[in-house]
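> Numbering-wise (full-length UniProt numbering), the sequence shown opens with residue 1 and increments by one. The structure that follows is given in the form of structure tokens.
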Amino acid sequence: MDRKLDVRKIYESVKEKITFKPEAALVLGSGLGNFAEKVEIAEILDYKDIPGFPVSTVPGHKGRFIFGYVEDVPMVIMQGRVHFYEGYSMDEVTLPIRLMKLMGAKLLFLTNASGGVNTGYQAGDFMLMSDHISSFIPSPLIGPNDEEAGPRFPDMSDVYRKEIRDIIRRVAKEENIPIQEGVYVQFTGPAYETPAEIRMARTLGADAVGMSTVCEAIAANHMGMSVCGISCITNMASGILPQPLSHKEVQETADRVAPLFERLVKKSLAAIYHEYLCVK
């Protein structure tokens with residue numbers, strides 16, 4: 001796949017359909033699927049109406065871009081992401097992130113549902129992502145490098161910007177929303193991890209595990225976007241509690257804490273926009 005040619009070709013197609021210019025991008029994970037309904041919507045573009053664009057097959061993921069305002073922040077919102085486990089290549093999985101950068105987004109705000117590895121966590125907690133482990137998935141940067149997009153060997157020492165994390169922590173405190181902070185590891189999925197794999201992840205320093213997000217953060221960081229991420233701990237990972245894991249449990253927890261998650265994301269976006277993006 002010629003990443004440079006395909007992304008720019010798709011962007012030209014999108015420009016014919018959408019006039020809105022976003023400054024920030026938000027990827028909605030489980031538990032935030034209805035967040036877009038509360039946005040001051042300017043335009044909507046379904047993935048299926050974009051030639052060459054991958055379409056999400058996961059239940060509950062609507063599969064569309066929402067353009068509009070969160071508070072007064074001009075946003076593009078990805079309502080339904082695509083995953084590596086759906087059979088897409090890493091280029092296809094991260095293509096939406098690269099496309100949102102071309103649209104004008106300078107900030108990428110990632111959200112997801114994850115399994116808690118840190119035994120100090122519990123289902124329903126929020127975890128501010130401070131770092132990640134990408135060793136169990138193919139890098140989205142493998143292959144010819146697009147020099148216009150970013151360097152061949154990008155620095156990864158501050159993927160989840162410290163300045164932005166400071167803002168989110170402060171917002172959470174002001175809103176009286178408890179928040180954890182830790183390291184997220186992406187596995188390929190779609191099977192949940194085994195107890196042995198969770199013990200391995202904990203030994204490596206992971207606090208939460210999931211099946212998305214890290215590859216998106218790598219692609220965004222490569223392009224020079226500012227990145228932040230909040231994970232909703234929807235269940236404790238395999239082997240921590242004496243019960244099997246199920247997608248139903250994940251969805252039930254995500255739905256239960258959704259109003260709080262929505263408030264945290266909304267208030268954080270406004271603060272990041274005014275205190276970080278507008279002054280850079």
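For glycine and all other residues, C-beta sits at the position ideal for the given N, C-alpha and C.
May I ask you to list the residues that DSSP assigns as paired with F67?
Beta-bridge pairing links F67 to E43, V76.
> How big is the Cα-Cα spacing for T111 and C228?
Between T111 and C228, the C-alpha separation is close to 9 Å.
> In three-state terms, what does DSSP make of H83?
Residue state, collapsed to three classes: coil.
> Excluding the 5 residues preceding and the 5 following R170 in the sequence, name in chain order all residues of the same chain whose CB lies nearer than 8 Å to its CB.
Answer for R170: A271, listed in chain order.
> Between the beta-carbon of M103 and the beta-carbon of V76, is there less than 8 Å?
Cβ distance < 8 Å, so M103 and V76 count as in contact.
> Give the C-beta separation of V250 and V117 to the nearest angstrom, bearing in mind that I take them to be a contact with Cβ-Cβ under 8 Å.
With 8 Å as the limit, V250 and V117 do not qualify as a contact, their Cβ atoms being about 15 Å apart.
> Check this for me: beta carbons of V159 and L95, under 8 Å apart or not?
The answer is no: Cβ separation not under 8 Å.
> Where does the unbroken alpha helix (DSSP H) through M225 begin, and where does it stop?
Here M225 belongs to no alpha helix (DSSP H), and DSSP marks it neither H nor E.
> Look up V183 in the DSSP assignment and give the residues it is bridged to.
V183 pairs with D131.
> Check the C-beta distance from Q186 over to S134 and give it rounded, since I have them as a contact under 8 Å.
Going by Cβ atoms, the distance from Q186 to S134 rounds to 6 Å, so yes, they are a contact pair.
> Measure from the alpha carbon of G29 to the alpha carbon of each residue in K280, R199, A254, E43, then state which is nearest.
The option with the nearest alpha carbon to G29 is A254.
> Leaving out the 5 sequence neighbours to the left and right, which residues in its chain are closer than 8 Å to K48 when beta-carbon positions are compared?
Excluding residues within five positions, the ones whose Cβ falls inside 8 Å are V55, G63.
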